[in-house]
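Heads up: the structure comes next, in structure tokens.
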Amino acid sequence: MRWTQYYLFTTREAPADAEVPSHRLMMRSGMIKKVAAGIYSYLPSGWRSLSKLMAIVRRELDRSGCVELSMPAIQPAELWQESGRWQRYGKELLRISDRHERQFCFGPTHEEVITDIVRRDVKSYRQLPISLYQIQTKFRDEIRPRFGLMRGREFLMKDAYSFHSSAESLDATYEEMKAAYQRIFRACHLDFAVVEADTGTIGGSSSHEFMVTAETGESEIVRNAADGYAANTEKANAAPLVAPAAEEPVALAEVPTPGKSSVPDVAAFLAVPTQKVVKTLVYETDKGPIVAAVRGDREVNEVKLGNLVDAEWLQLAGEETVVKVTGSPPGFAGPVGLKGVRVVADESVRGLTNFVCGANKGETHLTGVNWGRDASPTDWADILLVRDGDLSPLGGGPLEMSRGIEVGHIFKLGTKYSAAMGCNYTDDAGNDLPMIMGCYGLGIGRTVAAAIEQNHDADGIVWPMPLAPFQVLLAALNMEDSTVVETAERLYQELSGQNVEVLYDDRNERPGVKFKDADLVGIPLRLTVGAKSLAEGKVEMSFRRDREKQLVPLSDVVARVRGLLG
RNA sequence: CGGGGCGUAGCUCAGCCUGGUAGAGCGCACGGUUCGGGACCGUGAGGUCGGAGGUUCAAAUCCUCUCGCCCCGACCA
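Letter by letter, the first sequence follows residues 391 to 956 in the numbering used here.
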């Protein structure tokens, strides 16, 4: 491709609202253009990168026995009403009406449509399992789109769905998909982690996320290199905390603690370690108020708590609710004497003796509190938020926290959608049963953005070869020097003729401009044709990543390039 | 949805407080010099200052409404 005939315009400055490197660089290098909040056009070079990823995704999914199809972006409300998600999905679902006032939505995901298709065609266990996928534009009306393609409202996603007659079959496909995803991200030369994840609103029994590691990632993950444990912090467990040494129970006592409503204040005031204070929080949920107790030096994992009580939403209660539940203003709550409310205590407080907690009475705490004698929670559970340095539950030592960009998420759905929508098959005994399902998502644009987050420097993008819009940038340094131009033209023709993806910078620009643009656009291999090296019959070859330059005799250039590209 | 901020040339922004001829840099066009890391000089084009209403002799500037966008939070495959 000749640059002068291509559509590639770079800018020196990025828009003020572009904050993260991938967003800034995609804008500056002319890959994308914003149309509205969270909605982008993919310009030619951006589309080339996305297309390369899509080709890799297709290749690996096809290898795994997945079959491609394409479903509509616009979906009728009826299907969503059948699954129950028309009511539940909330404002993220973009709802639209046609001229007859019939309701539709722009699909944020396709469980309903695929389930509708399969229930019509598949009737027997003999036809199962089936895995289908598509790559398609989705729309989710995110509250706050940001970071360019990392969190758009309209975005490209590969979504796959599998249907099974047994849990074992789902397990096998799930593992196959997990392997396919690993092949995909490896093929993109990305550094990534597979982590256990919360199943969130999609539901189901098991779930893994694929995280491209990057400081700018929106998700926090914990890992232990020694034992291989890896999980999203929303889901992560730690080995049980070491409890302070048990003591002989002493008498329960009320002590006034005026103005001491935070755990550190109370601990300091009473001269006890924060580990011996039980932090007691009141939450409001759709299932009513819930009280959660956790060790004073730790935080509650609200996702775990929400899952435990099967809540659709959960938030820290306001003062009014706290007073209603505990009889005191916030800051003086405790598990002693609470009635008519579910109290979930974390395992971290189970071994405590003679601990301190709020007295459910203004400006007062209790000391010498002991489980069993003074208070008993409704549930003992793990609702602890892990933190840096906690020990891995698999025994490999301390957990390390890092950040990642969630580029893929796979779920075992079970029969949630098939049961709701009557997607049944007949088994070998003649029974009608709902199919067991899995679903598997992979963000196309987000993965390309993540690749840039992980591969850039101060001057621009440093594409991994598999996702680069072109493999080779051929820069002719002076378009008025006929020898330079003739040489560059000939190299361009020869390389193109051998199916090398070459972008030929034939613009009438000064060398400095071409070098800056080359660095910004980030094509992995650069050939520089200039009068100096040409006088020796050589062309400069350099790699974007390490900028290592070497002079190559003109006659060897094409062979060398082909050798490097494999 | 709560809090904060911004809409002025293609892009990045100044001007607004204190009303009085609409600005800079980059980019673009033309001419000249230059040509291995975003060159220099000269000339030029380009904006009903997001929109509507109001105050005023006079509004980019003050007021009201409205639309769009962004940031923090909550939320979130």
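Yeah, the Cβ is synthetic: ideal placement off N, Cα and C, and Gly gets one too.
Here the structure is a predicted model, which is why all the values come from computation and not from measurement.
* To do: Name, in chain order, the residues that DSSP records as bridge partners for leucine 443.
  => In the first sequence, counting from the first residue as 1, residue 443 sits at position 53. In the DSSP output, where bridge partners are listed per residue, leucine 443 has none listed.
* **Contact set for glycine 717: own chain, Cβ-Cβ below 8 Å, skip 5 residues either direction** => Residue numbering aside, residue 717 sits at position 327 when the first sequence is read from its first letter. Around glycine 717: Asn750, Lys751.
* **Range of the contiguous beta strand (DSSP E) that encloses proline 466** => Numbered from 1 along the first sequence, position 76 holds the residue referred to as residue 466. Following the DSSP letters along the chain, one finds proline 466 inside the beta strand (DSSP E) bounded by residues 464 to 466.
* Can you tell me whether asparagine 889 is buried or exposed, with buried defined as 16 or more other CB within 10 angstroms of its CB? -> In the first sequence, the residue the question calls residue 889 occupies position 499. Exposed, because fewer than 16 other Cβ atoms sit within 10 Å of the Cβ of asparagine 889.
* For serine 556, does the three-state DSSP call read helix, strand or coil? -> Counting from 1 along the first sequence, the entry for residue 556 is found at position 166. Coil at serine 556, not helix or strand.
* Check tryptophan 853 in the structure and name its three-state DSSP category. => Within the first sequence, numbered from 1, the residue matching residue 853 stands at position 463. Tryptophan 853 falls in the coil class under three-state DSSP.
* To do: Please classify lysine 694: is it buried, with 16 or more other beta-carbons within 10 angstroms of its beta-carbon, or exposed?
  => Mapped onto the first sequence, residue 694 falls at position 304. Looking at its Cβ environment, which holds 16 or more other Cβ atoms inside 10 Å, lysine 694 is buried.
* Asked: What separation, rounded to the nearest whole angstrom, lies between the Cα atoms of lysine 568 and isoleucine 800?
  -> Along the first sequence, one-based indexing puts residue 568 at 178. Along the first sequence, one-based indexing puts residue 800 at 410. Cα-Cα distance, rounded: 8 Å.
* Asked: Quick one: Cα of valine 797 to Cα of phenylalanine 553, how far?
  -> Mapped onto the first sequence, residue 797 falls at position 407. Mapped onto the first sequence, residue 553 falls at position 163. Approximately 23 Å, taken between the alpha carbons.
* Please determine if the stretch 443 to 459 and the stretch 522 to 539 are in contact, where contact requires at least 3 C-beta pairs separated by less than 8 Å. => yes
* Paired residues, beta bridge with glycine 804 - DSSP -> Start at 1 with the first residue of the first sequence, and residue 804 comes out as number 414. DSSP lists Met827 as partners of glycine 804.
* Flag this pair as yes or no: are the beta carbons of valine 731 and glycine 696 separated by less than 9 Å? => To locate residue 731, count along the first sequence from 1; it is residue 341. To locate residue 696, count along the first sequence from 1; it is residue 306. No.
* Nearest candidate by alpha-carbon position, reference arginine 897, set Gly912, Leu885, Asp871 -> Start at 1 with the first residue of the first sequence, and residue 897 comes out as number 507. Considering only alpha carbons, the answer is Asp871.
* Just the C-alpha distance for alanine 583 and glutamate 637, rounded to the nearest angstrom, thanks. => The residue given as residue 583 occupies position 193 in the first sequence. The residue given as residue 637 occupies position 247 in the first sequence. Each residue's Cα considered, the two are about 43 Å apart.
* To do: Give the range of the alpha helix (DSSP H) segment to which leucine 885 is assigned.
  => Translated into positions along the first sequence, residue 885 becomes position 495. Leucine 885 -> alpha helix (DSSP H) spans 872 to 887.
* For the alpha helix (DSSP H) containing threonine 711, list its first residue and its last residue. => Counting from 1 along the first sequence, the entry for residue 711 is found at position 321. Looking at the DSSP string, the run of the alpha helix (DSSP H) that includes threonine 711 is 709 to 716.
* Taking just the CA atoms, how far does leucine 706 sit from threonine 675? -> By 1-based counting over the first sequence, the position of residue 675 is 285. By 1-based counting over the first sequence, the position of residue 706 is 316. Whole-angstrom Cα-Cα distance: 9 Å.
* To do: With a cut-off of 8 Å on the beta carbons, I'd call isoleucine 504 and methionine 461 a contact; round off their distance for me.
  => Residue numbering aside, residue 504 sits at position 114 when the first sequence is read from its first letter. Residue numbering aside, residue 461 sits at position 71 when the first sequence is read from its first letter. About 7 Å separates the two Cβ atoms, so the contact holds.
* Under the rule that 16 or more other beta-carbon atoms within 10 Å means buried, what is leucine 440, buried or exposed? -> For the purposes of this step, residue 440 is taken as residue 50 along the first sequence, with counting starting at 1. Buried, because 16 or more other Cβ atoms sit within 10 Å of the Cβ of leucine 440.
* Asked: DSSP state of arginine 685, grouped into three classes?
  -> The residue you call residue 685 lines up with position 295 of the first sequence. Three-state DSSP puts arginine 685 in a strand.
* Outcome for leucine 941 when other beta-carbon atoms lying within 10 angstroms are tallied against a minimum of 16 -> As a first step, residue 941 is located in the first sequence; it is residue number 551 there, counting from the start. Within 10 angstroms of the beta-carbon of leucine 941 lie fewer than 16 other beta-carbons, which makes it exposed.
* Please check the pair tryptophan 393 and leucine 893, which I expect to be a contact at CB under 8 Å, by giving their CB distance rounded to whole angstroms. => On the first sequence, position 3 is the one that residue 393 refers to. On the first sequence, position 503 is the one that residue 893 refers to. Yes, tryptophan 393 and leucine 893 are in contact; Cβ-Cβ is about 6 Å, under 8 Å.
* **Ordered list of alpha helix (DSSP H) runs contained in the stretch 511 to 564, each at least 4 residues** => none
* Quick one: any contact between the stretch 530 to 542 and the stretch 568 to 577, if contact means 3 or more CB pairs under 8 Å? -> Contact check between the stretch 530 to 542 and the stretch 568 to 577: fewer than three CB pairs, one atom from each, fall below 8 Å, which does not count as touching.
* With burial defined as no fewer than 16 other Cβ atoms inside 10 Å of the residue's Cβ, what is the status of asparagine 845: buried or exposed? -> Counted from its first residue, the first sequence places residue 845 at position 455. With 16 or more Cβ atoms within 10 Å of its Cβ, asparagine 845 is classed as buried.
* Counting along the chain, where does the alpha helix (DSSP H) carrying asparagine 697 start and finish? -> Looking up residue 697 in the first sequence gives position 307. Taken as a continuous stretch (DSSP letters only), the alpha helix (DSSP H) holding asparagine 697 covers 692 to 698.
* To the nearest angstrom, report how far apart lysine 928 and glycine 956 are at their CA atoms. => On the first sequence, residue 928 is found 538 positions in, with the first residue counted as 1. On the first sequence, residue 956 is found 566 positions in, with the first residue counted as 1. Going by the C-alpha atoms only, they are around 22 Å apart.
* Could you spell out the range, first to last residue, of the alpha helix (DSSP H) harbouring isoleucine 842? => Residue 842 sits at position 452 when you count from the first residue of the first sequence. 834 to 844 is the span of the alpha helix (DSSP H), which, as asked, contains isoleucine 842.
* May I have a chain-ordered list of the beta strand (DSSP E) segments no shorter than 3 residues that lie completely inside the stretch 702 to 785? => 704 to 706, 732 to 736, 745 to 748, 754 to 759, 769 to 771
* Rounded Cβ spacing between lysine 528 and glycine 497 (contact assumed at less than 8 Å) -> The residue labelled residue 528 in the question sits at position 138 within the first sequence. The residue labelled residue 497 in the question sits at position 107 within the first sequence. Between glycine 497 and lysine 528 the Cβ distance is about 6 Å, and since that is below 8 Å, they are a contact.
* To do: Pick helix, strand or coil for glutamate 458, following the three-state DSSP scheme.
  => Here residue 458 refers to the residue found at position 68 when the first sequence is read from its first residue. Correct three-state label for glutamate 458: strand.
* Between leucine 546 and glycine 835, which are expected to be in contact by the criterion C-beta below 8 Å, what is the C-beta distance as a whole number of angstroms? -> Position 156 of the first sequence, counting from 1, holds the residue named residue 546. Position 445 of the first sequence, counting from 1, holds the residue named residue 835. The C-beta distance from leucine 546 to glycine 835 rounds to 5 Å, short enough to fall under 8 Å.
* To do: Return the bridge partner residues of lysine 939 from the DSSP annotation.
  => The residue labelled residue 939 in the question sits at position 549 within the first sequence. DSSP lists Ser932 as partners of lysine 939.
* Asked: What is the residue span of the beta strand (DSSP E) that phenylalanine 496 lies within?
  -> Residue 496 sits at position 106 when you count from the first residue of the first sequence. Unbroken beta strand (DSSP E) run through phenylalanine 496: 493 to 496.
* **Under the three-state DSSP convention, the category aspartate 617 falls into** => Locating residue 617 in the first sequence gives position 227, where the first residue counts as 1. Coil, per DSSP.
* Alpha carbon to alpha carbon, how far is isoleucine 905 from aspartate 687? -> Numbered from its first residue, the first sequence carries residue 905 at position 515. Numbered from its first residue, the first sequence carries residue 687 at position 297. The question names isoleucine, yet the displayed sequence has phenylalanine at residue 905. C-alpha separation (whole angstroms): 54 Å.
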